[in-house]
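Asker: Input: one structure, supplied below.
Residue numbers (my numbering), protein chains in the order written: chain A, 4 to 429; chain B, 2 to 79; chain C, 31 to 379; chain D, 229 to 362.
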C-alpha cells in the first residue's frame, strides 16, 4: 500500500464569510459549520471559537482533537466506516492541513477533563498549544443520554475536520511524503538484511468514554488484528476516549501516530517496518489473556525480530502492556514498550500497576502525578466548572489569583504513550 | 526482605503461600504454606489438626535449612 | 554574597600520602585544596572555593567506622562549610563506601548539602543511591575531568538549594525518585533507537528500570540444627495485642522488634496482626498461624532445635509489592548476626 | 443469550447501586455501601480464598480517588488453590489505589449519577459479551 501525503502548512486561522484556504490561512465560515453541526438534532447549540498559539486562552474540558485531512486520490474517504462507507483507505493521496486542529469541548458527564493552554507553563506540556485551533463548544438537547451525547460530539468533531480538510483538496502542498507498506513477502525480499520490525498498538476499549473505533468497529468487540500503517494516516482509527487526558490518544494522535512516522523514517535504512498490529484493552481479564495471546501469535507468525508496543490510558492497561511484552518476548521477539508513570506527586511511588523482568526496555512519557501551577489566562473556552472535577484537579484548586493547581494528568496529551512528546522521567 | 537476611550471611528459609512470589523476591530455600490469611494453619480444622500441619511445615523448614542448595529450591511439605 | 565555602573529603591516595600501605592513616584536617580539589576549585571559579580538605585512610574509615565518623563530623563542625564534597571515588570500593557513608552522615547529622561521585558498580552506589546524590563517573581516575565537570554545577545547585533536575540531565545515579524532564527527542524516536540497539545485542538504557530482580547466592546449610539458634521473622505483621508501636497496615515506616522470652503460645488475647494486606480474622484468632511460636517452643523442648531466639521481627510486607522493606531488613539482619542467630525462618502470608 | 441452568452465578462485588440493580439477574450481587478501596479489599479477600478475578479492578481510566464507585466480577466458587494472576493484579491494584488521595469528599448528586453510569457500562461490556460463554 502506497500513500502520498501532501502537507499544507497552516499559518493562521480566521472566521470569514466564505470558507477557503489561501496562502496558508484557513478561512472558516462560521455559519456554515454551525448549520452543519446542528443538522444533528441531538445537539441544541454550538459555539465556535478560535485559539491560536501564544494567545492567553484556556480550552477545557477537551473531548477530542482532530486534524483536518482530505482524501484526494485513491479508494475511500477520510474516517472510513464512520463518516463514509467502509472501504479500505491507505493508498493514493491525502492532503493534510498541518498545523490546524479541530478541538471539541462540552459537558458529557458531570466530571470531565482535558486542559489545553495556548500560553504559559501548561502550553509546554500539550502539543495543541502549537496548533491553530477551531474550537467547538457543544450543548446537547435536554434529556440526551451520555452515550448518545458522546456519539453526537464525536461525529460532529470528525465532520468539522472533514469539512476543513476539504478546503485543502486543490491546494498545492508545502511538502509531499510517500509512505509505502509492502506485502510481507515483498518486504522480506526487498530488505533481506534488515531486521523485521513491527508496531503493536494497544487501543483503549472499555466502555462509555473509554472506546476506540477502527473503521467504525468498537475495538472491544474485535480480536487482535492487523492494519496497514497507511490506513491509520487516513483516519481508520478514531478516538472515543474522553478519560485520562494526559495519556489518552486523541484522533489527532492517531492520524499523526509518531511511532508509525518514526518507523517509516527508519524503514529501508536501519529496519524493515514489516507490520502493524492493533489490539485492545478490555476490562475482562480473559479478554486480556486472549488478546495478548493473539498479539504474540501474530508477531511469531509474521517472523518479526522486534516490536514497539504502545499503551493507552491509566491503570489496567498496564496489565495488557506487561502481558503483551512478556508473551512477545517469550516467542523470541525483542520489545520496547512505551508507557507513562503514576509515581505519586513526590515521584517515590511504584510507577506502574504491573511489572515483569522481560520489560527491560521502557520509554516513558513522564510522571503524570507531577503538580503544575497554571496561571490565570484571559479567556476560557468551555468552562472552568469542571477544573475542580477533572482528573488531576484538586477540590478547591482554583486559587484566589485565578491560577489553578493540577497534576499533569489534567493536561491533554501531556504524557502521551505513543511517544508523541519529549517529556520523560528518570 | 529474605534476600537481605541471606546477604547478611544467615541461612534463611521462606515459608510462603505464594511460592512464585517467593521465587521472584529471591528466596533460595522455600517451603509452601497453606493459605494467605493463615499460612501455617487452617481454621477449618481442629486445633490439634492445625498444630499437626504446623509441625509438618516447620519440620520441612528445618530440613531445608539443613540441606545444601545451589539454586532456588522449593521443599514440598510431606 | 561571597564565595561558598566547600569542604572536600579525599582518601590517602588522592592526598599523595601513599597507596594501600598507608590506608590506615587517621582523619586529618588540612587547609586549602589538594589533589582533585584543585580541579574543583578551578571549576568553581568565583562561585565557591574549597577552603579545607579532610584526608582519611580507607582502611581507617571502614575498619574503625564509628571513630572515623565522629572525628570527621567534628572537623566538619569546626569548619562550618556551605557544602561538603567527597571523592570522586571512581571504582575504588572502600573509598566509594567511605565517601558515601561520610557524606550521608554530614547530610543527615548536620544538614549540610553534600555530593559525591563514583562508578556505577562501586558498592557505595547501591548502598546510598536512595539517600543522597551520587554523580556517575567513569571507572578510573582517567575520568576525573568529566567527573569534576558534572560535580561542580550539581554541587553548586545543591548548596544554593536550587531545584535538581532528572538524573539523566544532572548526571547522578538514579535515586529511585522519578523526576520529569524534557528529552532531546520525542518518545517514539527514542523507542525506535532503543529497539535497534536491543535487536543488535548492543547495550541500551531503559528509561524505567523494572523493580529489582537480583539474586543472592544461598548460604551453606546449618551443620547441626539441633544446636542452632533459630529466629522468627515475618512479613505477616504479627504484633503484641494493641499494636504498641503503631505499625501502619501498609507501607509501614518502621518494623517491629518484640521480645518473646517465656512466651509459649500466641493467643487472641496477646497477639494480633497489623497487616492490612489480608483478611486479619484468622491471624487475630491465633497468631501462631502466621508466626509459629507454639510449635517452635515444642521443638525447643524436644531438642529438635537449639533454641528459639528471644526476639522476633515483623513487617507488613506485601507479597507482591515491589517497594519493600529492604532497609528494615538490612538493619534487623545486622542485629540477628550480632545476636548470634544461626538460621532464620521467615514466614509470609 | 440464556444463562446456563443451575450454574452458579459469578459474584459482582460493588458499591454502585446502579450496577447492583441492573445486574441482579446476571450475577450474585454483593452490594455494600463502602469506599472504593474497601471494595478492592473485599475482592482481595475472595482471591485469597481461591476465587478468580474476572474483571480488572482498575477498570476505566478514571482514577481511584476521583470516582467513588467500583464494580468487580469474581468467579462463583473458589478454584483449586490460589490464582496467581488474580492475586498479583488485585494486590497491585490496591497499591495503585493508595497512590491516589480522595480528591472530592463532596460530590454533587448528578455527578455521582454519572460516575455510577460509567462504572456500570464498564462492567456491562464485560458481562454481556461473556455471559453466554466461558
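Positions of the beta carbon are idealized from the N, C-alpha and C atoms, including for glycine. Given the structure is predicted, the values throughout are model-derived calculations rather than measurements.
#1: Quick one: Cα of residue 229/C to Cα of residue 307/A, how far?
#2: Does chain D have any CB closer than 8 angstroms to the CB of residue 37/B?
#3: Comparing alpha-carbon positions, which option in 387/A, 320/A, 301/A, 316/A lies nearest residue 287/A?
#4: Would you report the Cα separation of residue 270/D and residue 355/D, rounded to the nearest angstrom?
#5: Buried or exposed: residue 316/C, going by 16 or more other Cβ atoms within 10 Å of its Cβ?
#6: What distance in whole Å lies between the Cβ atoms of residue 264/C and residue 311/C, which are believed to be in contact at a cut-off of 8 angstroms?
#7: Using a Cβ-Cβ cutoff of less than 7 angstroms, which residues in the same chain neighbour residue 27/B once the five nearest sequence positions on both sides are dropped?
#8: Report yes or no: is there a C-beta of chain D within less than 8 angstroms of the C-beta of residue 1/B?
#9: Of all the residues that make up the stretch 300-317 of chain D, which are near chain B by a beta-carbon distance shorter than 7 angstroms?
#10: Among all the DSSP beta bridges, which residues are the ones paired with residue 204/A?
#11: Does residue 344/A get closer than 8 angstroms to chain C when you measure Cβ to Cβ?
#12: Taking only the alpha-carbon atoms, compute the straight-line gap between residue 415/A and residue 194/C and give it to the nearest angstrom.
#13: Taking DSSP's pairing of strands, which residues face residue 244/A in a bridge?
#14: Tell me the rounded alpha-carbon separation between residue 172/C and residue 121/C.
#15: Which residues in the same chain have their Cβ closer than 8 angstroms to the Cβ of residue 393/A, if we skip the five residues on either side of it in sequence?
#16: Consult DSSP for residue 392/A and reduce its assignment to one of helix, strand or coil.
#17: Going along the chain, which residues of its own chain have a beta-carbon closer than 8 angstroms to the beta-carbon of residue 349/C, five neighbours each way excluded?
#18: Could you give the distance in angstroms between the alpha-carbon of residue 173/A and the alpha-carbon of residue 82/A?
#19: On a CA-only basis, which of 178/C, 129/C, 292/C is nearest residue 155/C? Give me that one, please.
#20: Is the CB of residue 74/B under 8 angstroms away from at least one CB in chain D?
#21: Chain A beta carbons: is any one of them nearer than 8 angstroms to that of residue 241/C?
#22: Counting contacts by CB-CB distance shorter than 8 angstroms, is residue 210/C in contact with chain A?
#23: Taking the continuous alpha helix (DSSP H) assigned at residue 43/C, which residues delimit it?
#24: For chain G, is any of its Cβ atoms less than 8 angstroms away from the one on residue 45/B?
#25: Could you name the residues that DSSP lists as bridge partners for residue 153/A?
#26: Distance, Cα to Cα, residue 112/C vs residue 324/A?
#27: Whole angstroms are fine: how far does the CA of residue 88/C sit from the CA of residue 179/C?
#28: What is the DSSP secondary structure of residue 87/A, counted as helix, strand or coil?
#29: Taking C-beta pairs closer than 8 angstroms, name the residues in chain A that residue 352/D reaches, listed in chain order.
#30: Leaving out five residues before and five after residue 242/D in sequence, what residues of the same chain have Cβ atoms less than 6 angstroms from its Cβ?
#31: Would the beta-carbon of residue 373/C fall within 8 angstroms of that of residue 31/B?
#32: Mind checking residue 351/C: buried by the 16 CB within 10 Å criterion, or exposed?
#33: Considering only the beta carbon of each residue, do residue 49/A and residue 131/A sit closer than 8 angstroms?
#34: What does a CB cutoff of less than 8 angstroms around residue 21/A pick up in its chain, not counting 5 residues either side in sequence?
#35: Which one of 150/A, 138/A, 317/A has the shortest CA to CA distance from residue 18/A?
#36: Across the stretch 161-175 of chain A and the stretch 92-107 of chain A, are there enough close Cβ pairs to call them in contact, namely three or more that are closer than 8 angstroms?
Answerer: Taking the definition as stated:
#1: 11 angstroms
#2: yes
#3: 320/A
#4: 20 angstroms
#5: buried
#6: Between residue 264/C and residue 311/C the Cβ distance is about 17 angstroms, and since that is not below 8 angstroms, they are no contact.
#7: 3, 4
#8: Residue 1/B falls outside the range modelled here, since chain B spans only 2 to 79, and no answer is possible.
#9: 310, 312, 315
#10: 281/A, 313/A
#11: yes
#12: 26 angstroms
#13: 213/A
#14: 11 angstroms
#15: Legend: pLDDT at residue 393/A = 43, less than 50; position of this residue unreliable, value from coordinates given subsequently. Closer than 8 angstroms at the Cβ level, and outside the excluded window around residue 393/A, lie 63, 64, 114, 115, 116, 117, 118, 248, 409, 413.
#16: Unreliable placement is indicated for residue 392/A, whose pLDDT of 44 sits below 50; no coordinate value is reported for it.
#17: Residue placement at residue 349/C is flagged as unreliable, the pLDDT there being 45, under the threshold of 50; a coordinate-derived value is accordingly withheld.
#18: 19 angstroms
#19: 129/C
#20: no
#21: yes
#22: yes
#23: Careful: residue 43/C lies outside any alpha helix (DSSP H) and carries neither H nor E.
#24: Looking for chain G here will not work: the only protein chains present are A, B, C and D.
#25: According to DSSP, residue 153/A bridges with nothing at all.
#26: 47 angstroms
#27: 25 angstroms
#28: strand
#29: 210
#30: 248, 259, 299
#31: no
#32: Only weak support exists for where residue 351/C lies, its pLDDT of 41 falling under 50; the coordinates are left without a value.
#33: no
#34: 30, 32
#35: 138/A
#36: yes
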